[in-house]
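Worksheet: one structure, shown below.
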Amino acid sequence: MSSTPVRKIVHVDMDAFYASVEQRDNPELRGKPIAVGGSAARGVVAAASYEARAYGVHSAMPSVTARRKCPDLIFVPPRFDVYKAVSQQIREIFAEYTPDIEPLSLDEAYLDVTENLKGMQIATDIAREIRTKIKQITGLNASAGISYNKFLAKMASDLNKPNGQAVITPKNGPAFVEALPVKKFHGVGPATTEKMRRLGIETGADLKQQTLEFLVEHFGKSGPYFYGIARGVDERQVRPNRVRKSVGAEDTFSKDLHAYEAAREGLQPLIEKVWGYCEANGIGAKTVTLKVKYADFNQITRSKTIPAPLAAITDLEDIVSLLLAPVFPPRKGVRLLGVSLSSLERQSFGTEPQLRLAL
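Below you can see the structure in the form of structure tokens.
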């Protein structure tokens with residue numbers, strides 16, 4: 001252990017954010033299973049209320065599957081302008097406590113409160129105050145995780161959802177990780193989970209047994225990260241002014257895709273994820289890249305650059321559809337799809353705190 005003070009990191013995650021906003025604004029939807037998104041053309045659930053989740057409905061699920069699981073499911077079109085405005089209210093609350101805010105999307109962010117603007121010593125008290133203020137100002141519930149690094153704070157925020165918080169201390173952090181299935185690790189997707197399973201790695205304890213050389217050999221640049229988190233170590237800083245060269249998301253499908261509509265549906269949650277990151281961070285993008293990996297593991301990319309930054313998520317959807325269309329019908333099944341944005345630049349949305357805090 002180093003002699004530097006233990007960091008105090010809070011991860012705040014809004015509960016069923018899009019769906020909760022819709023239920024807040026329309027009393028007729030309260031207490032009912034709703035799904036945001038799911039238009040006929042794209043047929044994908046962007047967010048599900050907790051009432052819908054009880055039936056097994058979740059984000060990124062095809063709408064036909066969601067309705068089969070929950071016949072009474074109510075589909076509501078998304079209102080990203082409203083979600084963005086509420087997100088800004090939440091970020092202003094964060095800024096009362098610390099300038100060290102790293103948003104991940106419209107509905108979640110990391111906060112470093114080791115040294116905070118209120119002079120509060122106990123991070124759990126800060127998290128509780130923030131959640132109370134969010135409820136007072138927006139009428140929405142938030143959950144929080146508190147720990148000494150980003151990975152464990154993120155994991156802790158899921159422990160007492162919805163409308164709760166949990167802390168993972170330096171004393172119990174390593175044991176917590178050892179007992180955790182790797183499929184539940186933040187940052188370990190289905191493809192990596194399956195690769196780890198083939199290597200005999202099912203839990204954090206299994207991961208901890210591997211050498212750094214072994215993990216680098218099999219997982220490349222992610223190897224050192226996996227080596228660290230298996231021991232409860234994550235040195236990543238909360239970076240409020242992070243400007244990335246690109247932002248992307250990808251998904252490996254359980255069954256190879258052969259139809260355009262299925263591929264377009266699979267891309268929708270990826271589109272919403274990368275757009276949400278850009279919105280939350282005040283970033284504009286000029287270049288859109290589509291990644292396609294076939295069943296034989298060969299892959300292609302297709303890109304389009306426009307003169308001015310994308311103005312709306314519908315523009316991104318249109319470009320992705322344009323790039324995807326020539327790929328079909330594919331010569332082989334498609335096992336993975338990805339969307340990335342580059343040529344990124346700061347956008348001013350008329351609020352100085354948003355620009356200053358990279359929100």
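Numbering-wise (UniProt numbering), the sequence shown opens with residue 1 and increments by one. Beta carbons: idealized from backbone N, C-alpha and C, even for Gly.
- Taken through DSSP and simplified to helix, strand or coil, I271 comes out as helix.
- In the pairwise beta carbon analysis, the stretch 167-177 is classified as touching the stretch 140-155: at least three pairs are separated by under 8 Å.
- With fewer than three CB-CB distances shorter than 8 Å, the stretch 73-86 does not count as touching the stretch 118-129.
- For a cut-off of 8 Å, the C-beta gap from L341 to T287 is around 7 Å, short enough to register as a contact.
- Secondary structure within the stretch 146-211: the beta strand (DSSP E) runs of 3 or more consecutive residues, fully enclosed, are 165-168 (chain order).
- In the three-state DSSP reduction, G31 falls in the coil class, being neither helix nor strand.
- By the beta-carbon neighbour count (other beta carbons within 10 angstroms, threshold 16), Q89 is exposed.
- Within its own chain, the residues whose Cβ lies closer than 7 Å to the Cβ of W275, once the five positions on either side in sequence are excluded, are I313 and L316, listed in chain order.
- Within its own chain, the residues whose Cβ lies closer than 7 Å to the Cβ of H186, once the five positions on either side in sequence are excluded, are F151, K154 and M155, listed in chain order.
- In this structure, the beta-carbon distance from A16 to Y55 does not fall below 8 Å.
- In the displayed model, S20 falls within a helix according to three-state DSSP.
- With three or more CB-CB distances shorter than 8 Å, the stretch 327-346 counts as touching the stretch 287-301.
- Contact annotation: the stretch 59-76 touches the stretch 20-36, with at least three C-beta pairs closer than 8 Å.
- At a Cβ-Cβ threshold of 8 Å, N160 and N141 do not count as neighbours.
- In the DSSP assignment, V82 falls outside any beta strand (DSSP E) and lies within the alpha helix (DSSP H) extending over F80 to A95.
- Ranked by how close their Cα comes to the Cα of V36, the residues P5, A60 and H258 have A60 in first place.
- The three-state secondary structure of Y55, taken from DSSP, is coil.
- V247 is not a Cβ neighbour of V292, given a cutoff of 8 Å.
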